[in-house]
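S.K.:
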Amino acid sequence: MHKVLVVGGAGYIGSHMVKRLGQLGCAVTTLDNLSSGHRDAVLCGDFIHGDLANTALLARLLQPGRFDAVMHFASFIQVGESVQDPAKYYENNVTNTLHLLGAMRAARVNRFIFSSTAATFGEPQYSPIDERHPQQPINPYGRSKLMIEQVLEDYDRAYGLKSVCLRYFNAAGADPDGELGERHEPETHLIPLVLQAASGRRSHISVFGRDYDTPDGTCIRDYIHINDLCEAHWLSLQSLMQGAGSQRYNLGNGQGFSVQAVIEAAQRVTGRTIAVQDAPLREGDPARLVADATLARQQLGWRPQFADLDTLVRHAWAWEQRMAGLT
Ligand code: UDP
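In terms of the working numbering, the sequence shown opens at residue 3 and continues consecutively.
Rendered as structure tokens:
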């Protein structure tokens, strides 16, 4: 039974991971400051309400022998906000992660699974994007994540801290059991926003740009089901527990869907008409972001189970109906 500290375990991806680890028989502890997470989303294990800036708390929590590994989901994720207020991003995503890594070193916990992002690549130079693609982030969010990837390379070399950096493309969907889902405040992601327009919690969905160089003119993204992401974390944990070295993987389906295709899928799944309004493009949105996840498939044996867009939207819709009080 692995002993795992999940930092940010009350958030969207973290909460699904905590549930999964609990089901797999791990001893899970969640540390979360509830700045955006929800206490009631932590369905198993111990919960500690605390902040990574609190180094005394980290020193108390990370006692030698208490944890085999740490998974780190606690970061700010809004690109636009990171441009407006970079200090917020560097302080939390970089400085606080350094505090966490420092406490891990002191406690000799040397396995770390890090939530990284496609935003570390910047403007795609080719598609799909594999791990050899140059990393030239174009905003503070992407830079903050890349900085930690680089720190982790140095910490492995100097201190033997083994890490897996998982670069998510577009995390989406919800727990197929209907217990968990996406609850960002404010919500900025396409699929929950489209479904809020379907449920009536929003008047319409805005399409940010229709003049991109794509078949229907709207942006193409690689939506990956939350449970498939969790599976990749579990496989990464097992590989570290078996003594594998540090690794970086791009996680996506390798299949892109346009904004228009997502809206059509939502209409099919919900059976509702969704009001759509064209809006100016959002700065910094590349036309196409699609992952080549061959390496994760080869090395981890990762096989996404929910590659079908309608299935992913159906799970997210079940959750949205619950949030909207429709079920
Ligand atoms: N998008 C949109 N309307 C919205 C929210 C998002 O057209 O209200 C588009 C956005 O421009 C991007 C895609 O949907 O092309 C996915 O955006 P999201 O914010 O979900 O994820 P990102 O790709 O930015 O990580």
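Quick reminder that beta carbons are idealized off the backbone N, C-alpha and C, glycines included.
1. Among PRO139, GLY175, GLY16, whose alpha-carbon lies nearest the alpha-carbon of HIS235?
2. Which residues does DSSP list as the beta-bridge partners of ASN98?
3. If we define contact as Cβ-Cβ less than 7 Å, is TYR91 a contact residue for chain B?
4. What residues in its chain sit with their C-beta under 7 Å from that of ALA43, if we drop five residues either side in the sequence?
5. Enumerated in chain order, which unbroken segments of the alpha helix (DSSP H) with a length of 4 residues or greater are wholly contained in the stretch 26-91?
6. At a cut-off of 6 Å, is ASN255 close to the ligand UDP when judged by its beta-carbon and the heavy atoms of the ligand?
7. If you measure from each residue's Cβ to the nearest non-hydrogen atom of the ligand UDP, which ones come out under 6 Å, in chain order?
8. Relative to the C-alpha of GLY211, which candidate in GLY202, ARG203, ILE222, ALA29 has its C-alpha closest?
9. Does the distance from the CB of LEU168 to the CB of LEU253 come in under 7 Å?
10. Can you give the beta carbon distance from PRO142 to HIS317, rounded, assuming they're within the 8 Å contact cut?
11. From LEU26 to ASP218, what distance separates their C-alpha atoms?
12. Rounded to the nearest angstrom, how far is the Cβ of PHE171 from that of LEU291, given a contact under 8 Å?
13. So, do the stretch 235-249 and the stretch 189-198 have three or more beta carbon pairs nearer to each other than 8 Å?
14. Report, in whole angstroms, the separation of the C-beta atoms of ALA120 and ALA293, which I expect to be a contact under 8 Å.
15. In whole angstroms, give me the CA-to-CA distance for GLY67 and LEU311.
16. To test your reading of the DSSP string, which unbroken alpha helix (DSSP H) runs of 4 or more residues are found completely within the stretch 254-318?
17. If you run the structure through DSSP and keep just helix, strand and coil, what is SER165?
18. How would you call HIS51, buried or exposed, if buried means at least 16 neighbouring beta carbons within 10 angstroms?
19. How far does the alpha helix (DSSP H) with LEU237 in it extend, from its first residue to its last?
20. In terms of alpha-carbon separation, which member of LYS147, PRO136, VAL6 lies closest to THR97?
21. Beta-carbon within less than 6 Å of ARG145's beta-carbon, same chain only, minus the 5 sequence neighbours each way: which residues are those?
22. Using the rule of at least 16 other Cβ atoms within 10 Å of the residue's Cβ for burial, across every protein chain shown, is ASP333 buried or exposed?
23. Quick one: give me the first and last residue of the beta strand (DSSP E) that VAL196 is part of.
24. Out of HIS40, GLY47, HIS74, ASP34, which has the shortest C-alpha to C-alpha gap to GLU59?
25. Determine the DSSP secondary structure at SER146, reduced to helix, strand or coil.
26. Tell me the residue span of the beta strand (DSSP E) that contains SER205.
27. Does the distance from the CB of LEU314 to the CB of ALA109 come in under 7 Å?
28. Taking 6 Å as the limit between beta carbons, can you name the residues of its chain near GLN269, skipping five residues before and five after?
29. So for THR122, helix, strand or coil by DSSP?
30. Using 8 Å as the cut-off, can you tell me whether the stretch 73-89 makes contact with the stretch 123-135, which would need three or more C-beta pairs spanning the two stretches below that distance?
31. What are the partner residues of ILE15, as DSSP defines its beta bridges?
M.R.: Walking through what the data contain:
1. GLY16
2. DSSP output for ASN98 lists no bridge partner at all.
3. Given the protein chain composition of this structure (a single chain), no chain B is represented.
4. ALA12, SER17, LEU182
5. 57-63, 81-86, 88-91
6. no
7. ASN172, THR190, HIS191, LEU192, LEU195, ILE207, SER208, VAL209, PHE210, CYS221, ARG223, VAL261, ARG284, ASP287
8. ILE222
9. yes
10. Rounded, the Cβ-Cβ distance is 32 Å, inconsistent with contact.
11. 42 Å
12. 6 Å
13. no
14. 7 Å
15. 42 Å
16. 261-272
17. strand
18. exposed
19. 228-243
20. LYS147
21. PRO139
22. This structure leaves residue 333 out entirely; the chain is present only between 3 and 329.
23. No beta strand (DSSP E) holds VAL196; the alpha helix (DSSP H) holding it covers 192-201.
24. Residue 59 is actually Leu in this sequence, not Glu. With distances taken between Cα atoms, LEU59 lies closest to ASP34.
25. helix
26. Careful: SER205 lies outside any beta strand (DSSP E) and carries neither H nor E.
27. no
28. ILE276
29. helix
30. no
31. ILE15 is not bridged to any residue.
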